[in-house]
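Our numbering puts the first residue of the sequence shown at 730, with every later residue one more than the last.
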Amino acid sequence: MEPNKERGPYGERMIRVIVRFWTDKLREEDAHKKIAQAKGEIYLPINKNKGITTPDKILFNNLNEFMDKFQELLDNNEIKLVNLKEEYTDARLKK
């Protein structure tokens, strides 16, 4: 498969997912360090070119449930991940 040499505006041809970790409720001395709680949200921004017309987010309470919540966000928005080979194969997250 040859990559497309024409590039559009940044992000137009990709599906972005943003992970945000909460930093509230940290001790004052940790507020400016690279420390965050092990919970937060997984956010799917709008990309009209990919048919994502409304933003979506899902919360996770700990890292043990992160992958399940990530898969839930993908499923809720009918996003399918594949491994690129000669034929597409599903790349589902393992539980």
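Beta carbons: idealized from backbone N, C-alpha and C, even for Gly.
All figures in this text were calculated on a predicted structure; none of them were measured in a lab.
For Leu788, three-class secondary structure by DSSP
In the three-state scheme derived from DSSP, where H, G and I count as helix and E and B as strand, Leu788 is classed as strand.
Close beta carbons around Lys809, own chain, < 6 angstroms, minus the five adjacent residues each side:
Once the five neighbours on either side are set aside, Lys809 has no close Cβ partner at all.
Does the distance from the C-beta atom of Asn787 to that of Ile771 stay below 9 angstroms?
Note that residue 787 is Ile in the sequence shown here, rather than Asn. Yes, Cβ-Cβ distance for Ile787 and Ile771 is below 9 angstroms.
Taking DSSP as the reference, what is the three-state secondary structure of Asn776?
Residue state, collapsed to three classes: strand.
Between the alpha carbons of Ile764 and Glu757, how many angstroms are there, rounded?
Approximately 11 angstroms between the Cα atoms of the pair.
Can you tell me whether Leu802 is buried or exposed, with buried defined as 16 or more other CB within 10 angstroms of its CB?
Label assigned to Leu802: buried.
Distance, Asn790 Cα to Leu755 Cα
Taking C-alpha positions only, Leu755 is separated from Asn790 by approximately 16 angstroms.
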